[in-house]
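Below you'll find the structure, written out as structure tokens, and then a few comments.
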Amino acid sequence: MSRPRPNPVLWVYYQFGGMLPQRYRDWVLHDATCRTWVLRVLVRGLLQIAPLGAVLFLALGVFGGAWPIAAGSLLLGVLVVGRVVLTNAVDSVDARLVRYGFGPGHGSAVRRRRDAAAAERYRAVWRDGGG
Numbered sequence: 032m033s034r035p036r037p038n039p040v041l042w043v044y045y046q047f048g049g050m051l052p053q054r055y056r057d058w059v060l061h062d063a064t065c066r067t068w069v070l071r072v073l074v075r076g077l078l079q080i081a082p083l084g085a086v087l088f089l090a091l092g093v094f095g096g097a098w099p100i101a102a103g104s105l106l107l108g109v110l111v112v113g114r115v116v117l118t119n120a121v122d123s124v125d126a127r128l129v130r131y132g133f134g135p136g137h138g139s140a141v142r143r144r145r146d147a148a149a150a151e152r153y154r155a156v157w158r159d160g161g162g
């Protein structure tokens, strides 16, 4: 299936919450429902805090003078953001899809169908004597 991908500038804009043109609607659905969707959500969250994290790290390191404390603070911030992003992943992805005209819960339904099909293939090969 051929779906246009956003160029790097549009991709960064999208990662920071911007709305892509409708021609990328299928790509957004793929982004929200592919096998690596959780990793994509995590990268999105970490990318959003990267500029602030870099500024705080430099400020703490330069003006505070304690690089180990700055590094520890940055690591703690990344872990907290990762936890929050992953906790809200399903709801945030489904809400993003609603902005592109998909129904509420559409992304979750697509992922459930894909996972059920994969489980059925697994059962057919490994549990029903096919292998």
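Under this note's numbering, the residues of the sequence shown are numbered 32 to 162, in order. C-beta atoms are modelled at their ideal positions from N, C-alpha and C, and glycine is treated no differently.
{"query": "Neighbourhood of Val129 by C-beta, 7 angstroms cutoff - its chain only, sequence neighbours within 5 removed", "result": "Pro135"}
{"query": "CB of Gly113 within 9 angstroms of CB of Ala63, strictly", "result": "no"}
{"query": "Three CB pairs or more closer than 8 angstroms across the segment 48-56 and the segment 83-102", "result": "no"}
{"query": "Cβ contact (3+ pairs, closer than 8 angstroms) linking the segment 110-125 and the segment 64-74", "result": "yes"}
{"query": "Residue nearest to Val43 in terms of C-alpha spacing, selected from Val141, Val115, Ile80", "result": "Ile80"}
{"query": "For Arg36, the three-state DSSP class (helix, strand or coil)", "result": "coil"}
{"query": "Among Leu117, Ala155, Arg144, nearest to Gly76 - alpha-carbon criterion", "result": "Leu117"}
{"query": "Neighbourhood of His61 by C-beta, 7 angstroms cutoff - its chain only, sequence neighbours within 5 removed", "result": "Arg34"}
{"query": "Beta carbon of Pro37 nearer than 9 angstroms to that of Trp68", "result": "no"}
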